[in-house]
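K.L.:
Numbering-wise (the working numbering), the sequence shown opens with residue 1254 and increments by one.
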Amino acid sequence: KDGISRKLAIVTGSNTGVGFETAKSLVSDYGFDVILACRSRNKGLSAVKKINEEVSRSFPTKEQDSSSSTGSHGKAIFLHPLDLCDFDSVKEFSTQVQKKYDNVNILVNNAGLNSSEKTQEGLDSCFKTNFLGHFLLTNLLMPALLKCQGSRVINLSSVTHHFVEEGIGEKEDERGSLGRSWWTKQATYGQSGISYRTSKLASILFSIELNKRFGSKGLQSIAVNPGSVNSDIWRGYPRWIIPIFRMIYLTSKQGSSTSVAAAVGEFPKAQKDKVVYLQPYRQLFSSKAQKPPFPAFEMLGPYVGYEITTPRLPSDGGPKSAQALWEVSQNLCGI
1254 KDGISRKLAI
1264 VTGSNTGVGF
1274 ETAKSLVSDY
1284 GFDVILACRS
1294 RNKGLSAVKK
1304 INEEVSRSFP
1314 TKEQDSSSST
1324 GSHGKAIFLH
1334 PLDLCDFDSV
1344 KEFSTQVQKK
1354 YDNVNILVNN
1364 AGLNSSEKTQ
1374 EGLDSCFKTN
1384 FLGHFLLTNL
1394 LMPALLKCQG
1404 SRVINLSSVT
1414 HHFVEEGIGE
1424 KEDERGSLGR
1434 SWWTKQATYG
1444 QSGISYRTSK
1454 LASILFSIEL
1464 NKRFGSKGLQ
1474 SIAVNPGSVN
1484 SDIWRGYPRW
1494 IIPIFRMIYL
1504 TSKQGSSTSV
1514 AAAVGEFPKA
1524 QKDKVVYLQP
1534 YRQLFSSKAQ
1544 KPPFPAFEML
1554 GPYVGYEITT
1564 PRLPSDGGPK
1574 SAQALWEVSQ
1584 NLCGI
């Protein structure tokens, strides 16, 4: 195994878009070795080669090799395919990581999609890929994460989390909150209709619960919104609208700024039942530390890299819903 002193990051969905730029920055700018956790082996290997060759050109060494470390900088690595919509794949990926490495410093839960299909378990593929797969991966990698003081889990959210309407639980103790029955419905194919946005709210609540459970052990979880990014996530949309996205949306490099900042920046620990939440736009006419900004300013505001703002949580403040989400996810993932 590689030693515990090694700085290692894992970025899911990193063969393209925001994930690729996040991985490249961690390798070239911050000296991390980064495992590119991708569903396709060929695309993953191609992305690894591209990152390592670009870093080699920027920081030449006597012996340049697309699979070796580049000077004082890190390297990109492809270890094993990861399909977040397949729990067996998640388990095998985690096993392979911990066979080779003793510790993981940074986990960036970046991968996502915005279309839904029915999985073999009857789950919504969007919710399963965007959230449940990451929930399982994070829990399986927790022993390796906790070996590093100051380890981080970065969960990618979205401005769409603002548009989740609160549900009414079937049980009396869940009324007025997003409780266990509500979250079970969101994970079930054909029951939600808004699985993308609920998966992105789940990512924020996941960070809250991770900090509650593991913050005292040195782990910090931060939620980020990459902004409105012209990336492959829109590949299912009509071709005529893609040029418009290209004109008004951020580049993938710009979209990676919140993830990179969350991975390497210094941030205060979140207050109890709260979360550090980064988004890339200047927040105009809003009290950033007090309440969530008007959603429009978190969609197409002036790009500044990142700002700490407040996400829009359920009316109970989030902790009850975060705990309910954790319990439902444990059951669905079988852990």
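Every residue, glycine too, gets a C-beta built ideally from N, C-alpha and C.
Quick one, are the C-beta atoms of ILE1457 and VAL1417 less than 8 Å apart?
P.N.:
For the purposes of this step, residue 1457 is taken as the residue at position 204 of the sequence shown. For the purposes of this step, residue 1417 is taken as the residue at position 164 of the sequence shown. No, the pair does not count as a contact, with Cβ atoms beyond the cut-off.
K.L.:
State the CB to CB distance for the pair PRO1334 and SER1293, rounded to an integer number of angstroms; the pair is presumed to be in contact (CB under 8 Å).
P.N.:
To locate residue 1334, count along the sequence shown from 1; it is residue 81. To locate residue 1293, count along the sequence shown from 1; it is residue 40. That pair is a contact at about 7 Å.
K.L.:
Please specify which runs of the beta strand (DSSP E), each continuous and at least 3 residues long, are wholly inside the region 1349-1373, giving them in chain order.
P.N.:
1359-1362, all fully within the region 1349-1373.
K.L.:
Is the beta carbon of LEU1503 less than 8 Å from the beta carbon of SER1474?
P.N.:
The residue given as residue 1503 occupies position 250 in the sequence shown. The residue given as residue 1474 occupies position 221 in the sequence shown. No, Cβ-Cβ distance for LEU1503 and SER1474 is not below 8 Å.
K.L.:
Please determine whether the Cβ atom of PHE1285 lies at a distance below 7 Å from any heavy atom of the ligand FAD.
P.N.:
Of ligands this structure carries none, so the ligand FAD is not represented either.
K.L.:
Distance, Cα to Cα, LYS1465 vs ASP1526?
P.N.:
Numbered from 1 along the sequence shown, position 212 holds the residue referred to as residue 1465. Numbered from 1 along the sequence shown, position 273 holds the residue referred to as residue 1526. Going by the C-alpha atoms only, they are around 7 Å apart.
K.L.:
How would you call ALA1549, buried or exposed, if buried means at least 16 neighbouring beta carbons within 10 angstroms?
P.N.:
Translated into the one-based positions of the sequence shown, residue 1549 becomes position 296. Answer is exposed; the Cβ neighbour count stays below 16.
K.L.:
How big is the Cα-Cα spacing for GLN1351 and LEU1398?
P.N.:
In the sequence shown, residue 1351 corresponds to position 98, counting from 1. In the sequence shown, residue 1398 corresponds to position 145, counting from 1. About 10 Å.
K.L.:
Between VAL1606 and ASN1392, what straight-line distance do the alpha-carbon atoms span, to the nearest angstrom?
P.N.:
The displayed coordinates of the chain run from 1254 to 1588. Any statement about residue 1606 would go beyond what the structure contains.
K.L.:
If I follow the unbroken alpha helix (DSSP H) through THR1391, where does it start and stop?
P.N.:
The residue labelled residue 1391 in the question sits at position 138 within the sequence shown. Unbroken alpha helix (DSSP H) run through THR1391: 1386-1398.
K.L.:
Which same chain residues, not among the five before or five after ALA1364, have their C-beta less than 6 Å away from its C-beta?
P.N.:
Position 111 of the sequence shown, counted from the first residue, corresponds to residue 1364. Closer than 6 Å at Cβ, skipping near neighbours: THR1265, GLY1266 and LEU1337.
K.L.:
Which class does TYR1559 belong to by DSSP, given the choice of helix, strand or coil?
P.N.:
Taking the sequence shown and counting its residues from 1, one reaches residue 1559 at position 306. Looking at TYR1559 - three-state DSSP - the assignment turns out to be strand.
K.L.:
Within its chain, find whatever has a CB closer than 6 Å to the CB of ARG1535; leave out the 5 residues flanking it on each side and keep chain order.
P.N.:
Within the sequence shown, residue 1535 is the residue found at index 282, counting from 1. For ARG1535, where only same-chain residues beyond five positions count, the Cβ hits under 6 Å are GLY1554, PRO1555 and VAL1557.
K.L.:
By alpha-carbon positions, which one of LEU1279, LEU1463, LYS1506 and SER1469 ends up nearest to ASN1483?
P.N.:
The residue given as residue 1483 occupies position 230 in the sequence shown. It is LYS1506.
K.L.:
I'd like to know whether the C-beta atoms of LEU1385 and LEU1585 end up nearer to each other than 8 Å.
P.N.:
Taking the sequence shown and counting its residues from 1, one reaches residue 1385 at position 132. Taking the sequence shown and counting its residues from 1, one reaches residue 1585 at position 332. Cβ atoms of LEU1385 and LEU1585: closer than 8 Å.
K.L.:
Count the other CB atoms, across all protein chains shown, that sit within 10 Å of the CB of ARG1310; report buried if there are 16 or more and exposed otherwise.
P.N.:
Counted from its first residue, the sequence shown places residue 1310 at position 57. Answer is exposed; the Cβ neighbour count stays below 16.
K.L.:
Which whole-angstrom value is the C-beta distance of ILE1330 and LEU1289, which I expect to be below 8 Å?
P.N.:
Position 77 of the sequence shown holds residue 1330. Position 36 of the sequence shown holds residue 1289. Going by Cβ atoms, the distance from ILE1330 to LEU1289 rounds to 7 Å, so yes, they are a contact pair.
K.L.:
Enumerate in chain order the residues of its own chain whose CB-to-CB distance from TYR1379 is below 7 Å, with the five nearest sequence positions on each side excluded.
P.N.:
Here residue 1379 refers to the residue found at position 126 of the sequence shown. Rather than Tyr, the amino acid found at residue 1379 in this sequence is Cys. The residues are LEU1366, ASN1367, SER1368, SER1369, SER1448, TYR1449 and SER1452.
K.L.:
How would you label ARG1433, buried or exposed, when you count the other beta carbons within 10 angstroms and need 16 or more for buried?
P.N.:
For this step, residue 1433 is matched to residue 180 along the sequence shown. The residue in question, ARG1433, is buried, as its Cβ has 16 or more Cβ neighbours within 10 Å.
K.L.:
Alpha carbon to alpha carbon, what distance is there between GLN1402 and PHE1273?
P.N.:
On the sequence shown, position 20 is the one that residue 1273 refers to. On the sequence shown, position 149 is the one that residue 1402 refers to. One C-alpha to the other measures close to 26 Å.
K.L.:
Less than 6 Å between C-beta atoms, sequence neighbours within five positions excluded: which residues of the same chain meet that for THR1437?
P.N.:
Here residue 1437 refers to the residue found at position 184 when the sequence shown is read from its first residue. Around THR1437: VAL1581.
K.L.:
Roughly how many whole angstroms lie between the Cα atoms of GLY1270 and SER1509?
P.N.:
In the sequence shown, the residue the question calls residue 1270 occupies position 17. In the sequence shown, the residue the question calls residue 1509 occupies position 256. For GLY1270 and SER1509, the distance between alpha carbons rounds to 9 Å.
K.L.:
Which whole-angstrom value describes the C-beta separation of SER1445 and ASP1339, a residue pair presumed to lie in contact below a C-beta threshold of 8 Å?
P.N.:
For the purposes of this step, residue 1445 is identified with residue 192 of the sequence shown, where counting begins at 1. For the purposes of this step, residue 1339 is identified with residue 86 of the sequence shown, where counting begins at 1. Incorrect: roughly 20 Å between the Cβ atoms, too far for contact.
K.L.:
Under the assumption that LEU1531 contacts THR1511 (Cβ atoms under 8 Å), give the Cβ distance between them as a whole number of angstroms.
P.N.:
For the purposes of this step, residue 1531 is taken as the residue at position 278 of the sequence shown. For the purposes of this step, residue 1511 is taken as the residue at position 258 of the sequence shown. Contact holds; Cβ gap of about 4 Å.
K.L.:
Is the beta carbon of SER1574 less than 8 Å from the beta carbon of LEU1431?
P.N.:
By 1-based counting over the sequence shown, the position of residue 1574 is 321. By 1-based counting over the sequence shown, the position of residue 1431 is 178. Against a cut-off of 8 Å, the Cβ pair of LEU1431 and SER1574 comes out as a contact.
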